[in-house]
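Residue numbers (the numbering used here), protein chains in the order written: chain A, 1 to 305; chain B, 306 to 610. Every residue gets a Cβ at the ideal spot worked out from N, C-alpha and C, and that includes glycine. On a predicted model such as this, the values are computed, not experimentally measured, just so you know.
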């Protein structure tokens with residue numbers, strides 16, 4: 001049984017405070033605290049690259065358990081802001097971490113749904129190739145492409161990274177998945193000429209329409225009812241979208257964390273960062289995870305302790 | 306049993322002739338024909354994007370068999386030259402081809418080894434997610450990043466794309482895989498500030514050292530001997546590298562095609578373009594495929610008709 005053995009994450013220390021931007025962007029405290037729910041965003045140092053964010057997450061993983069690098073058989077990075085377009089960032093991370101030659105590396109290009117997709121990719125790949133230990137990284141530093149004069153994006157997206165050790169005898173088992181794409185909406189979150197732009201309203205509507213429909217489907221695929229679930233970790237896009245999903249699914253709010261006030265929406269890292277916090281919580285045994293965003297795309301699954 | 310049901314490819318019509326560059330790059334006919342083995346490289350139109358190359362390959366696939374788009378459950382694009390860094394090109398292709406919403410899409414960032422990795426990714430993903438029909442695209446138009454004053458790259462790399470229909474009752478079954486990465490060598494093929502650069506000598510040495518070692522390993526993983534193999538499709542990097550691998554493995558030259566004289570090294574499309582030619586050849590029942598390049602990375606497998 002292949003699953004998640006451990007998770008570690010890294011969030012750069014530097015913050016841009018949204019309170020400092022109240023005048024510039026004509027925002028009040030209610031907007032910051034109740035609507036977007038993000039008081040500031042984490043911003044990496046300019047000389048920290050995507051591969052460095054991955055290495056820093058790995059350093060934190062090694063604080064939790066000893067990793068025998070020679071046993072790592074695959075290493076994937078979920079990113080759309082790689083160090084370079086070629087080579088893949090996973091190869092650079094492989095080199096920096098001195099991983100063995102018989103290790104499969106590639107990047108998975110996805111955004112906010114990327115951790116959920118990535119779990120399915122690495123689980124499938126390892127089972128079919130008879131691998132015992134693999135690493136799934138997420139690191140998508142939007143600060144590389146954010147225009148800090150753009151209210152739509154600069155007050156939401158923060159930098160962060162995560163690494164999940166995948167292998168046998170896991171603490172968290174991975175259930176069945178749903179996947180979806182609405183490619184015709186791809187222009188609503190796009191990076192042209194190194195500048196990010198987002199149609200926030202369109203992305204909100206996409207998520208508010210499709211995620212509440214998707215959760216009953218993923219529950220059915222895992223032979224579960226909604227009341228069986230202890231915790232719902234939705235992609236932390238904004239407080240408003242998470243609150244809207246809670247309302248539409250009539251969920252118990254105490255089962256649905258929104259916890260990114262201090263560092264922002266870290267794209268594909270938002271779910272694993274929250275999952276790390278819950279890793280040893282004995283009260284959350286069945287966890288729905290659901291990621292949604294760029295593509296437009298979404299994916300959901302159920303995790304079991 | 307999940308395997309390859311059909312393959313189609315697309316090579317842009319426009320060519321840059323290497324004979325026209327003899328003086329500029331101080332090359333003679335022997336160098337062009339016997340060393341690199343590439344007389345000219347295919348170059349896409351400026352207004353053709355990576356997703357368009359994919360769509361054109363799909364149009365050619367539809368000439369071979371009817372595709373019921375509603376049955377396509379996943380669509381992956383292998384590329385390191387996407388339309389944009391975000392969203393993933395697979396989502397754009399999804400939109401242009403009007404694929405259904407319940408279709409998983411992501412890009413796989415890999416170069417010349419990408420088709421072989423991609424086959425393992427899509428096969429694994431489909432089996433584990435109980436999917437029946439998927440599409441694996443390759444499209445990596447290096448013309449986007451080639452400096453046409455750079456002899457190291459401009460006379461080798463051509464534009465092209467492919468699509469493989471993956472599903473049950475395949476014409477070609479997919480065996481076991483090997484994978485490898487030497488991340489410390491990542492700077493030998495890199496794109497910085499939108500300009501490709503390659504240390505050709507280092508890439509040659511990497512391939513000449515590692516691929517002849519890898520072939521016996523992949524054969525053993527598939528319970529085969531080298532004489533059982535009817536055809537070896539190596540990544541078509543240059544005539545010199547393919548000839549070197551033939552020599553080191555003491556292969557029968559007639560079993561090892563080098564056929565890219567007219568359009569060049571099409572990166573992740575080089576293997577599927579040759580595989581398409583062999584698709585209905587009754588004399589090639591057991592085929593070794595081996596891709597190697599950017600990362601540095603490699604992957605090999607055996608295909609069975």
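At a cut-off of 8 angstroms, the C-beta of residue 417 of chain B has no neighbouring C-beta in chain A. Proximity to residue 531 of chain B across B:540, B:555, B:484 and B:547 peaks at B:555, based on C-alpha coordinates.
Contact annotation, residue 526 of chain B with residue 483 of chain B: C-beta distance approximately 7 angstroms; criterion of less than 8 angstroms satisfied. Judged by pairs of C-beta atoms under 8 angstroms, the region 104-118 of chain A touches the region 75-88 of chain A, as three or more such pairs exist. Per DSSP, the beta bridge partners of residue 315 of chain B are B:466.
Interface with chain B (8 angstroms Cβ-Cβ cutoff): residue 294 of chain A is included.
The beta-carbon distance between residue 487 of chain B and residue 509 of chain B, rounded to whole angstroms, is 14 angstroms. This is too long to meet the 8 angstroms contact definition. For the region 535-550 of chain B, there are no residues whose beta carbon sits under 9 angstroms from a beta carbon of chain A. Judged by DSSP in its simplified three-state form, residue 547 of chain B adopts helix. Inside the region 431-498 of chain B, DSSP marks whole alpha helix (DSSP H) runs of 4 or more residues at positions 456-459, from first to last along the chain. Per DSSP, residue 592 of chain B lies in no alpha helix (DSSP H); the unbroken beta strand (DSSP E) holding it starts and ends at 591-598. Annotation for residue 258 of chain A: 37, 236, 239 and 242 place their beta carbon closer than 7 angstroms to its own, counting only its chain and skipping 5 residues before and after. Taken atom to atom, the span from the alpha-carbon of residue 606 of chain B to that of residue 464 of chain B is near 24 angstroms.
For residue 55 of chain A, the enclosing alpha helix (DSSP H) starts and ends at 50-64.
For the region 177-197 of chain A, residues whose beta-carbon sits nearer than 7 angstroms to a beta-carbon of chain B comprise 177, 179, 180, 181, 182, 183, 184, 186, 189, 190, 191 and 192. Going by DSSP, residue 345 of chain B is part of the beta strand (DSSP E) stretching over 345-347.
Here residue 370 of chain B really is in contact with residue 311 of chain B; their C-beta atoms are around 6 angstroms apart, less than 8 angstroms. Within the same chain, 2 and 134 come within 6 angstroms of residue 126 of chain A by CB-CB distance, once the 5 residues on both sides are set aside.
Take residue 558 of chain B, set aside five residues on each side of it, and the residues of its chain with a beta-carbon closer than 7 angstroms to its own are 551, in chain order.
Rounded to whole angstroms, the gap between the alpha carbons of residue 188 of chain A and residue 406 of chain B is 16 angstroms. Using beta-carbon distances, residue 107 of chain A counts as an interface residue toward chain B, with a partner under 8 angstroms.
Where residue 380 of chain B is concerned, the enclosing beta strand (DSSP E) starts and stops at 379-383. With its beta carbon less than 8 angstroms from one in chain B, residue 123 of chain A belongs to the interface. Within chain A, 104 and 106 have C-beta atoms less than 8 angstroms from the C-beta of residue 422 of chain B, given in sequence order.
At a cut-off of 8 angstroms, the C-beta of residue 120 of chain A has a neighbouring C-beta in chain B. Its chain contains 57, 162, 273 and 276 as the residues whose beta carbon lies nearer than 6 angstroms to that of residue 9 of chain A, once the 5 sequence neighbours on both sides are disregarded; these appear in chain order. About 15 angstroms separates the Cβ atoms of residue 391 of chain B and residue 88 of chain A, ruling out a contact at the 8 angstroms cut-off.
In the three-state DSSP reduction, residue 424 of chain B falls in the helix class (H, G or I).
When rounded, the separation of the alpha-carbon atoms in residue 499 of chain B and residue 450 of chain B is 5 angstroms.
Those residues of the region 381-392 of chain B placed with their C-beta closer than 8 angstroms to a C-beta in chain A are 385, 386, 387, 389, 390, 391 and 392, ordered along the chain.
Taking 8 angstroms as the cut-off, the beta carbon of residue 232 of chain A is found closer than this to the beta carbon of residue 256 of chain A. Within the same chain, and ignoring the five residues on either side of residue 453 of chain B in sequence, the residues whose Cβ sits closer than 7 angstroms to its Cβ are 459. For residue 297 of chain A, the chain B residues whose Cβ falls inside 7 angstroms of its Cβ are 396 and 410, in order along the chain. Listed along chain B are 429, 432 and 433, each with a C-beta nearer than 9 angstroms to that of residue 127 of chain A.
The beta-carbon distance between residue 113 of chain A and residue 293 of chain A, rounded to whole angstroms, is 6 angstroms. This is short enough to meet the 8 angstroms contact definition.
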